[in-house]
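Worksheet: one structure, shown below.
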Amino acid sequence: MTVKLGVIGTGMIGTDHTRRIQEVLTGAEVVALYDYLPENAAKLQAAHAPGAKIHETGEALIAADEVDAVLVCSTGSTHESYVLGAIEAGKPVFCEKPLATTAEGAKRIVDAESAAGRRLVQVGFMRRFDQGYNMLKATMESDLGTPLMIHACHRNAAVPEHYVTPMAIHDTFIHEIDTFRWLLDDDFVSAQVIFPRKTRHAHDKVADPQIVLLETSKGVRIDCEIFVNCRYGYDIQCQVVGEEGVADLPEPMAVATRREARLSQPILTDWKSRFMAAFDAELQDFADRVPSGHVGGPSAWDGYVAAISSDACVTAQETGAIVDIAVPDRPALYD
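Taking this note's numbering, I'd label the letters of the sequence shown as residues 4 to 338.
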């Protein structure tokens, strides 16, 4: 069976996912496109999906008989309405992060999915499909004993002028929020954000770097450096300290060279290259599950808890206080 997918939002990530489905993955094809700028959808159609129909609205795409499942890759403010529409139509939906722009919006999605009685939503937290993170999780579960601490960092070479301080949480650290919960099978109970000396490479609207301090319900302490103007490349680090040992996230595979009296190894410069294989794996997983009528991977509940946690981190940014994080009881659907 070939799964027929509709893509809402044909910007950078929507284009990349369409290319991935059409040229890399198996068992799926893009048959429908929508973008609020029709010329963008037409450009994507010509480049990667010549057989896809361009719809006048996202709602029309969701309702189309030929669409088995939906990918929501549009602007974050539109995610909630499109995901709710897919749930109402009974169609599996893959939603890029954020699931919604507020925790209240994400909760509405959780409630709608719970009422539907089956998991239809997968959120685009692709690190759960990264080989290195899966190796780290397996090591944690077999060799490290009880986890005690995590030391991590998320570094970007540079960010544009529109990137402001809260985006360090909502756009950047949001991936660590989900990854730490998944690695530890634990939720956060408090957050604090502290600001070291500011780099001269950061513009006036962003405080950079930042350090986020988290505590989990089981007492694990986490510190994560967010440095989005580090200059030298895109660098993701994660070290888990357990009772029996320490484990580090593997470095991306790269060729080391000895040349001109130097031993060197290249460092990646963007997230698309770093997590390319993980993007492939998450969408293949989604497509493979669509015929069953259920999805796996990061759930709407994970998206909701990430929103609660990120909101607390932004409050901690703004106040300098240690902010409590209260996660509600998880609905039975997500147990």
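Ideal placement from N, C-alpha and C gives every residue a C-beta, glycine not left out. What you are looking at is a predicted structure, and each value in this text was computed from that prediction instead of being measured.
Cβ neighbour criterion (16 or more within 10 Å) applied to residue i
i    : result
L286 : buried
S77  : buried
V96  : buried
E321 : exposed
F198 : exposed
P150 : buried
M4   : exposed
T29  : exposed
P269 : exposed
V308 : buried
K100 : buried
G17  : buried
D71  : buried
Proximal residues to residue i (C-beta, below 6 angstroms), its chain only, five neighbours per side dropped
i    : result
K208 : V167
I172 : S313, C316 and V317
A44  : T13, L36, D38 and I57
F128 : D181 and P301
S80  : T104
R292 : V298 and G299
A92  : I65
A257 : Q268 and P269
Cβ shell of residue i (< 7 angstroms), same chain only, five flanking positions each side left out
i    : result
V33  : L8, V10, T21, I24, Q25, A52 and A55
L271 : G236, Y237, P255 and R277
R122 : E116, H297, V298, S302 and L336
I328 : F191, V192, S193, A194, I311, S312 and A315
Selection from the options that minimises the alpha carbon distance to residue i
i    : options                   : result
D332 : D305, E321, A324 and I325 : D305
L217 : A205, F183, A210 and H204 : F183
L46  : M15, A66, A63 and I90     : According to the sequence provided, residue 46 is Lys. The question's Leu does not apply to it. The shortest Cα separation from K46 among M15, A66, A63 and I90 belongs to M15.
A205 : K221, P163, E59 and H82   : P163
Whole-number beta carbon distance between residue j and residue i, since they are thought to touch under 8 angstroms
i    : j    : result
A109 : A118 : With a Cβ gap of about 15 angstroms, A109 and A118 do not count as contacting.
H157 : I229 : 5 angstroms
I214 : D226 : 6 angstroms
G222 : L147 : Going by Cβ atoms, the distance from G222 to L147 rounds to 16 angstroms, so no, they are not a contact pair.
Q125 : F289 : 5 angstroms
S220 : D174 : At roughly 26 angstroms, the Cβ-Cβ gap does not stay under 8 angstroms, so S220 and D174 are not in contact.
Identified DSSP bridge partners for residue i
i    : result
S158 : First, the residue type needs correcting, since residue 158 is Arg and not Ser in the sequence shown. Bridge partners of R158: F230 and D238.
K56  : A35
R224 : M152 and E218
Q134 : DSSP output for Q134 lists no bridge partner at all.
R3   : Since the displayed the chain opens at 4 and closes at 338, residue 3 lies outside it and no answer follows.
D350 : Nothing about residue 350 can be reported from this structure: the residues present for the chain run from 4 to 338 only.
G245 : P150
I11  : Y37 and V75
Q125 : F97
Contact set for residue i: own chain, Cβ-Cβ below 8 angstroms, skip 5 residues either direction
i    : result
L139 : L186, C241, V243, A250, D251, L252 and P253
T60  : Y37
Neighbour flag for residue i against chain C, beta carbons, 7 angstroms
i    : result
G248 : Considering every chain present, this structure includes no chain C. It has just one protein chain.
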